[in-house]
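Protein chains in written order, with our numbering: chain P, -17 to 120; chain E, 2 to 672.
What follows is a short report on a single structure.
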């Protein structure tokens, strides 16, 4: 994967419907590159550790759901921020939760952005624009 | 001197006796001596008269014949009488014819002896006595004889008499002294004794002494008897007074003891400890060597065995005896509600009482004094009894009985209290257990509702978004009718979302703040609720009015939600005219009654209760939006504070929603 031409985005999300919508949103805003999708928190943590061992290549953006099977999204976030090599990679929280304690805890753990999953299709597709901005800044 | 106060009655009596007898004797002696002297003088005068006659007769011839010589001879015969001092014969002319003088001189002769017309006359002087007698011869007075005698014999006799009288008087007085000394005792001794007893009584306040009553009759006997009677009365009154004083003191002591018992006993709510305290105190205060508190305990299975609590020095011996409850005399005694006191139970039972030993195992304890008192509840039922024993006879008195009776009464109250306390405690425990279970169930339910809310929302979001996506991507390819299908799907999902959201609101309503509410201003809550409805109010031209609203014990957010929901309903269910909404608060019997009145479409009274149910609606979603949760939330909030909510309305005549909030201050005032 040529990271200079096409972005590599890691999506940790167990709901296929939302995976499909994220893909659509990225496509809608012409974000090209590989989208790695992991369905639970444990797999995500394993992935982080594997790449640490292989020293890359690392994704340019992580999109993280909080309500995940096996290990919670916050555990994944904590593991990412503990890693010296993953530490600088931006993490966007994409969750259906609107609970203030979730917002506060993820911010404390070092999440870069918190997006609540919208209930309208158009709003969801607009997330693509936000994610594109993040990648452009990289 | 005799009247002097300092002399005893004894001396006075002796003096008086001696004085009386002395005086009597003196008078008698004087009379006797006087009589004797008078008689002696008469004898003397007669003797002189005879001598004068003899001299006269003998010298008559001498006178006739003027023979003085013969007359002198005759006169000298007077010498034989030693008492005659002098004598003389006078002529009728008064001239001395012849004379005689014991000492030979004639100087003692008076010149004119008595010359009265009488034949004879005499005259006493201090030293002598003179007698003159006429000498008559042949009926003719021829001269006068004169004789003078001394009174030596009279004086001697007088002296002798005086001596005799003095001796007799002395002896009489001595005899009187001796006699009166002996006989004064008859009078003086009882009086002296009375005086002595009176002294003892007044000094020692000893009213038990008595005057000896050996006098059978007379005033002394009456006096002694009356005195003794008086003493007896005083003694009786004194004893009565002492008895009264003692019984008063005892009553006071008993009251003091009972006053001390009260707080000790009444403060104890544990029945076992209470029974022990009661019997310990009662045993100590009654001075018993052992005490037992027999209590009837009613078990849940209907049995009512006796429980025993023991106290005192002998209680160990008592406890060792197997099952003292089997002693037959217990139950009859206590069921009779009578007090049994015996000075010595080994002497048999008092009349009309059950046979001994009461509650005493046969021959087990060397108990003689016995006291048994029933413990009777305020409802008159026998709760048990207090039994006391002592190895010595007659150890329990009326006072002990009263004391123990007092303790029994307090024990009854204390046991009633402890039973009540136990019931209340059990009740509270059960209520607390129920409350804990309820809280847990409630918490589980809230937890469940919360996760259900989230878990239900996610699939709904999917349904919505993918239906939108279906419409966007394939809307034109699905053919006619698909639009409607898609719209209903979206509407259904939206409504479902709303319902889930309302459900979670309902679950949390009123339970989001478990702290007890401080008074908050309904005025402020109302203003805040209205401000968030401002737009809707203006849109429909509603007019809203309210009276001054009070402070109530309610969290402000809850109060605000009530006003918000009720006012929003008044706007939503308005009629054709612009809404007029009135909010009022009125105080009624310990609570505030709030009302929200509108002029809207009203409610058929038959649905008055139904509308407060969860998701209960009287209209379709097309007519009026909403899920039917608003009034359910209102009811939940009102009920959380112990209030009620209801509606007064008729169809098309507006509706008045009323809810109550218990007035905390009024309740505190009542409490």
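Even for Gly, the Cβ is constructed at its ideal location relative to N, Cα and C.
On a predicted model such as this, the values are computed, not experimentally measured, just so you know.
Is there a Cβ from chain P that is less than 7 angstroms from the Cβ of residue 466 of chain E? By this cut-off, residue 466 of chain E is an interface position.
Measuring straight from C-alpha to C-alpha, what distance separates residue 397 of chain E and residue 414 of chain E? When rounded, the distance between both Cα atoms is 24 angstroms.
Measure the CB-CB distance between residue 288 of chain E and residue 280 of chain E and report whether it falls below 7 angstroms. Not in contact: residue 288 of chain E and residue 280 of chain E (Cβ atoms no closer than 7 angstroms).
Which of the three DSSP states, helix, strand or coil, is assigned to residue -1 of chain P? Helix.
Taking the continuous alpha helix (DSSP H) assigned at residue 45 of chain P, which residues delimit it? Residue 45 of chain P: not part of any alpha helix (DSSP H); member of the beta strand (DSSP E) spanning 43 to 46, first to last residue.
Does the Cβ of residue 115 of chain P have 16 or more other Cβ atoms within 10 Å, making it buried, or fewer, making it exposed? Residue 115 of chain P is exposed by the Cβ-count criterion.
Using beta carbons (cut-off 7 angstroms, strictly below), is residue 78 of chain P in contact with chain E? For residue 78 of chain P, the nearest beta carbon of chain E is closer than 7 angstroms to its own beta carbon.
Residues of its chain near residue 549 of chain E, where Cβ-Cβ distance is below 6 angstroms and the 5 sequence neighbours each way are ignored: Cβ within range, chain order: n/a, list empty.
Buried or exposed: residue 147 of chain E, going by 16 or more other Cβ atoms within 10 Å of its Cβ? It is buried - the Cβ of residue 147 of chain E has at least 16 other Cβ atoms within 10 Å.
Out of curiosity, what's the CA-to-CA distance linking residue 594 of chain E and residue 588 of chain E? Spanning the two alpha carbons is a distance of roughly 6 angstroms.
Contact criterion: CB-CB distance below 7 angstroms. Does residue 496 of chain E meet it with respect to chain P? Taking 7 angstroms as the CB threshold, residue 496 of chain E stays off the interface with chain P.
For the stretch 23 to 40 of chain E and the stretch 204 to 212 of chain E, state whether three or more C-beta atom pairs, one from each stretch, are separated by less than 8 angstroms. The answer is no - the stretch 204 to 212 of chain E does not touch the stretch 23 to 40 of chain E, with fewer than three Cβ pairs under 8 angstroms.
Just confirm the distance between the C-beta atoms of residue 462 of chain E and residue 78 of chain P, as a whole number of angstroms; I'd bet it's less than 8 angstroms. Contact holds; Cβ gap of about 7 angstroms.
Count the other C-beta atoms from every protein chain shown that fall within 10 angstroms of the C-beta of residue 261 of chain E, then say buried if there are 16 or more, exposed otherwise. When all chains shown are included, residue 261 of chain E counts as exposed.
CB of residue 173 of chain E within 7 angstroms of CB of residue 9 of chain E, strictly: Cβ distance not < 7 angstroms, so residue 173 of chain E and residue 9 of chain E don't count as in contact.
Residue 384 of chain E, enclosing alpha helix (DSSP H) - first and last residue: Going by DSSP, residue 384 of chain E is part of no alpha helix (DSSP H) but of the beta strand (DSSP E) stretching over 383 to 391.
Residue 563 of chain E to residue 457 of chain E span [Cα, whole Å]: Their Cα atoms are separated by approximately 28 angstroms.
Starting from the N-terminal side, write out each stretch of the alpha helix (DSSP H) that is 4 residues or longer and does not extend beyond the stretch 441 to 510 of chain E. For the stretch 441 to 510 of chain E, whole alpha helix (DSSP H) runs of length 4 or above, ordered along the chain, are 483 to 509.
Going along the chain, which unbroken runs of the beta strand (DSSP E) with 3 or more residues stay wholly within the stretch 548 to 609 of chain E? As for any beta strand (DSSP E) of minimum length 3 sitting wholly inside the stretch 548 to 609 of chain E, the runs are 552 to 554, 581 to 589, 592 to 598, ordered along the chain.
Apart from the five residues on each side of it in sequence, which residues of its chain come closer than 7 angstroms, Cβ to Cβ, to residue 24 of chain P? If we look at residue 24 of chain P and ignore the five residues flanking it on each side, its Cβ neighbours are 52, 53.
What separation, rounded to the nearest whole angstrom, lies between the Cα atoms of residue 527 of chain E and residue 94 of chain P? In this structure, the CA atom of residue 527 of chain E is about 42 angstroms from the CA atom of residue 94 of chain P.
From the DSSP output, in three-state form, read off residue 327 of chain E for me. In this prediction, residue 327 of chain E scores a pLDDT of 40, lower than 50, which makes its location untrustworthy; no coordinate-derived value is stated.
With a 10 Å radius around its C-beta and 16 neighbouring C-beta atoms as the bar for buried, classify residue 168 of chain E as buried or exposed. It is exposed - the Cβ of residue 168 of chain E has fewer than 16 other Cβ atoms within 10 Å.
Taking the C-alpha atoms as reference points, what is the distance between residue 109 of chain P and residue 6 of chain P? Rounded to whole angstroms, residue 109 of chain P and residue 6 of chain P show a C-alpha spacing of 10 angstroms.
Residue 145 of chain E, enclosing beta strand (DSSP E) - first and last residue: Run containing residue 145 of chain E: 141 to 151, per the beta strand (DSSP E) assignment.
Compute the Euclidean distance between the alpha carbons of residue 571 of chain E and residue 546 of chain E, then round it to the nearest angstrom. Looking at the two C-alpha atoms, the distance is approximately 13 angstroms.
Just mark residue 131 of chain E as buried or exposed, buried being the case when its beta carbon has 16 or more other beta carbons within 10 Å. By the neighbour-count rule (16 or more Cβ atoms within 10 Å), residue 131 of chain E is buried.
From E:502, E:636, E:653, E:607, residue whose alpha carbon lies closest to that of residue 576 of chain E: Closest in C-alpha terms to residue 576 of chain E, from the list E:502, E:636, E:653, E:607, comes E:653.
Would you check if there are 3 or more beta carbon pairs closer than 8 angstroms linking the stretch 653 to 663 of chain E to the stretch 598 to 607 of chain E? Pairwise C-beta distances place the stretch 653 to 663 of chain E in contact with the stretch 598 to 607 of chain E, as three or more of them are shorter than 8 angstroms.
Quick test of your reading: residue -4 of chain P and residue 22 of chain P, contact by CB under 8 angstroms. State the CB separation rounded to the nearest angstrom. With 8 angstroms as the limit, residue -4 of chain P and residue 22 of chain P qualify as a contact, their Cβ atoms being about 6 angstroms apart.
Near residue 552 of chain E, which residues of its chain fall below 6 angstroms by C-beta distance, leaving aside the five closest residues on each side in sequence? For residue 552 of chain E, where only same-chain residues beyond five positions count, the Cβ hits under 6 angstroms are 520, 522.
When we look at the beta-carbon of residue 435 of chain E and count the other beta-carbons within 10 Å, is it buried (16 or more) or exposed? Label assigned to residue 435 of chain E: exposed.
With a threshold of 7 angstroms between beta carbons, is residue 470 of chain E in contact with chain P? Under the Cβ criterion of 7 angstroms, residue 470 of chain E is counted among the residues facing chain P.
Listed by chain order, chain P residues near residue 488 of chain E by CB distance under 9 angstroms: In chain order: nothing, as chain P lies at least about 15 angstroms away.
Which chain P residues are close to residue 459 of chain E, counting only those with a beta carbon under 7 angstroms from its beta carbon? What residue 459 of chain E touches in chain P: 78.
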